[in-house]
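Let me begin by presenting the structure, written as structure tokens, before commenting on it.
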DNA sequence: CACACAACTTCTAACGTTGAATACAGTGAT
DNA sequence: ATCACTGTATTCAACGTTAGAAGTTGTGTG
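Protein chains in written order, with the numbering used here: chain A, 10 to 364; chain B, 10 to 364.
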């Protein structure tokens, strides 16, 4: 009916055909558009009276500097990506939350890229995923081995989470890494089980394909603790660090929970494995923690509301996220410091599953 | 030591000082930059041999069209935002996952905005959050009432999830809405409890502040089912649709689960409330489902691995996400169709908690 | 040989922004 | 009255891309 092509309502001010730009503001304020820019960015001194006049024009038109123009001019987008296997996994949702907050504190916006742990997609990320759009990437790789990253020429500032992409020989890292002390935390967690009287403790979550990943390191700490007490070591691989993964492995392992050498403790490489494991154990008529003690990693909220509640190693996620954002933004700012491995804190939260 | 300011390694090709642009590609391929543009965008016909030559140059230089330049020229960023209360809540993580996939199918990238259900921040989103950067927004509001949205002039294509921002009087919606049939699904779920012999069924999750929100509609369906059977209605408010929220409410309500009129069923407005409720019920020595049947909404994976496993109403999330993306992109493309309310499917998944 | 047509080039312009350089006015000193 | 200086404000140019128009080849057709 109306001739207004914008389709906006009647009562409200009609949607302008074109978003206002600096020139519109300048025209309304009666100054040059550069002065408007100066007011917006504080680039050059502007007289108070002029500033007020410009500000009034900005408010009246609802002017917001166009991001594309600004990005083009400045060569920066103030956009970071967080590349993770899958946002549905609680740990990564927690991580994303922490990273979004940390980035916002620096005026940065975060966009989530799900890799689904596919080597192909992870390789794409490593090689400079959306280098046309992003200022930097925070990358939590899963399938990528240490050697892969070195091959990719660092086209885009990148920070790695976890040790997976570190050279096994201890050589120079290709990018900054942020990690928790997996060996120490695994030792702590295992010591906790031993202290509560467990003697036959299994480890769930070794991975054949990993050379330097989370699972390997946690397994190493677990092994060190048991060997220090002269106790037997028994490790099982997991296809995926997920609830179904944990359920599957433990399901195929149920006969190891009966007989004279029955397992009475299970160190799981993360909370999901532990919850999947507990689910199957319960279905098989085994009691947690009475028959088997179970613990995991990540400190996800699931462990607070699981039945029984779950003992877990919780990384200091906000510290991790802030550090990762600081490091990647330092590179964006031009830093060429030698990449390093940074360790953030963790703590063991003891709950019902290991009482 | 090296004079190379890029800081790149030695073996790998040094990071170029400047990212290649169309002119660099054109020079290498021996064609005009316009031809490169034509190859990249398919704007005009190009001979196969030429196309190949250009493609080789693109690959060799690792050329990727600069997003800022392209956005500026085309007036579109191919960026959508998904505004949700909090990514850590499993339902929203599932939703984000579905939206990311749906958007990717259209060449769009998604950026997550967490509103924390703060009215202030939700208002900002409604008024055209990052209109300078985004092509559109998919918005799952929590605190926003129906009237608020109308006031905001639609500066940015927006699709709303859920009924919260619909006018109560059934008037014209200010934007497209995508919903599930909350009344019908609540009736189904409640009928399921009645069919399994429950007679004293409570509802968890009404909200005083809502006029047209999810909780109100699910309560209406619940009420309709009970009244159809002449059974008593008993509803309780929840401070937040979270596990702690569910735990808190049920914790203060434990005496309603003993005595002659003891509740033997609990319809919870979402899975989180249900899991929090089950947690407290168990701690108080009550058995689910023996003493109390419990169910929720959202179909989150938590309900598969909870103890007991949880009966839930699962929305068809991929349909919901695809529809939302289609609708918002239609607006981006210039559609001025009258906003409508679109309903997607759901199904009741029966598990242990209501056997 | 004129003509149509395809493939490509050249040229112009514009998207909105901001750094660098420059112009301008007003003040105070010489 | 001239000059230097300071505080403001302005003009210029460029970021990388693409749309459009007009011109230039080369090839094949009538």
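Every residue gets a Cβ at the ideal spot worked out from N, C-alpha and C, and that includes glycine.
Note that the coordinates shown come from a computational prediction; the quantities given were computed from them, not determined experimentally.
Across which residues does DSSP place residue i in a beta bridge pair?
i	result
residue 324 of chain A	A:355
residue 147 of chain B	B:91 and B:168
residue 118 of chain A	A:88
residue 213 of chain B	B:245 and B:277
residue 302 of chain B	B:274
residue 187 of chain B	B:170 and B:351
residue 123 of chain B	B:93
Starting from the Cα of residue i, find the closest Cα among the options and give me that residue.
i	options	result
residue 174 of chain B	B:132, B:103, B:86 and B:49	B:132
residue 195 of chain B	B:172, B:230, B:168 and B:362	B:230
residue 269 of chain B	B:300, B:255 and B:296	B:300
residue 252 of chain B	B:264, B:204, B:31 and B:97	B:97
residue 29 of chain A	A:198, A:71 and A:39	A:71
residue 92 of chain A	B:120, B:80, B:85 and B:103	B:120
residue 216 of chain B	B:248, B:200, B:205 and B:238	B:248
residue 136 of chain A	A:164, A:111 and A:153	A:164
residue 317 of chain B	B:112, B:361, B:352 and B:180	B:361
residue 61 of chain B	B:81, B:77 and B:35	B:35
residue 111 of chain B	B:88, B:128 and B:95	B:88
residue 319 of chain B	B:281, B:341 and B:350	B:281
residue 170 of chain A	A:100, A:237, A:238 and A:76	A:100
residue 152 of chain B	B:205, B:220 and B:56	B:220
residue 202 of chain B	B:78, B:150 and B:322	B:322
Count the other C-beta atoms from every protein chain shown that fall within 10 angstroms of the C-beta of residue i, then say buried if there are 16 or more, exposed otherwise.
i	result
residue 207 of chain B	buried
residue 218 of chain A	exposed
residue 50 of chain A	exposed
residue 172 of chain B	buried
residue 198 of chain A	buried
residue 344 of chain A	exposed
residue 364 of chain A	exposed
residue 255 of chain A	buried
residue 6 of chain A	Residue coverage of chain A in this structure runs from 10 to 364, which leaves residue 6 of chain A outside it and unanswerable.
residue 83 of chain B	exposed
residue 160 of chain A	With a pLDDT of 48 at residue 160 of chain A, under the threshold of 50, the modelled position of this residue cannot be trusted; read the value that follows with caution. The residue in question, residue 160 of chain A, is exposed, as its Cβ has fewer than 16 Cβ neighbours within 10 Å.
residue 27 of chain A	exposed
residue 356 of chain B	exposed
residue 107 of chain B	buried
residue 58 of chain A	exposed
residue 273 of chain B	buried
residue 186 of chain B	buried
residue 261 of chain B	exposed
residue 310 of chain B	buried
residue 105 of chain B	buried
residue 182 of chain A	buried
residue 86 of chain B	buried
residue 297 of chain B	buried
residue 94 of chain A	buried
Confirm, please, whether the CB-CB distance from residue j to residue i is below 8 Å.
i	j	result
residue 312 of chain A	residue 305 of chain A	yes
residue 285 of chain B	residue 314 of chain A	yes
residue 337 of chain A	residue 73 of chain B	no
residue 184 of chain B	residue 348 of chain B	yes
residue 90 of chain B	residue 146 of chain B	yes
residue 213 of chain A	residue 275 of chain A	yes
residue 53 of chain B	residue 45 of chain B	no
residue 177 of chain B	residue 148 of chain B	no
residue 234 of chain A	residue 200 of chain A	yes
residue 144 of chain A	residue 134 of chain A	no
residue 271 of chain B	residue 250 of chain B	no
residue 303 of chain B	residue 332 of chain B	no
residue 222 of chain A	residue 245 of chain A	no
residue 341 of chain B	residue 166 of chain B	yes
residue 64 of chain A	residue 48 of chain A	yes
residue 31 of chain A	residue 42 of chain A	yes
residue 81 of chain A	residue 81 of chain B	yes
residue 265 of chain B	residue 241 of chain B	no
Mind the definition here: the segment 114 to 132 of chain B touches the segment 316 to 333 of chain A only if three or more C-beta pairs lie below 8 Å; say whether that holds. Taking 8 Å as the limit for Cβ pairs, the verdict is that the segment 316 to 333 of chain A does not touch the segment 114 to 132 of chain B.
Any chance the segment 182 to 193 of chain A sits against the segment 220 to 239 of chain A, with 3 or more Cβ pairs inside 8 Å? Enough Cβ pairs lie closer than 8 Å, so yes.
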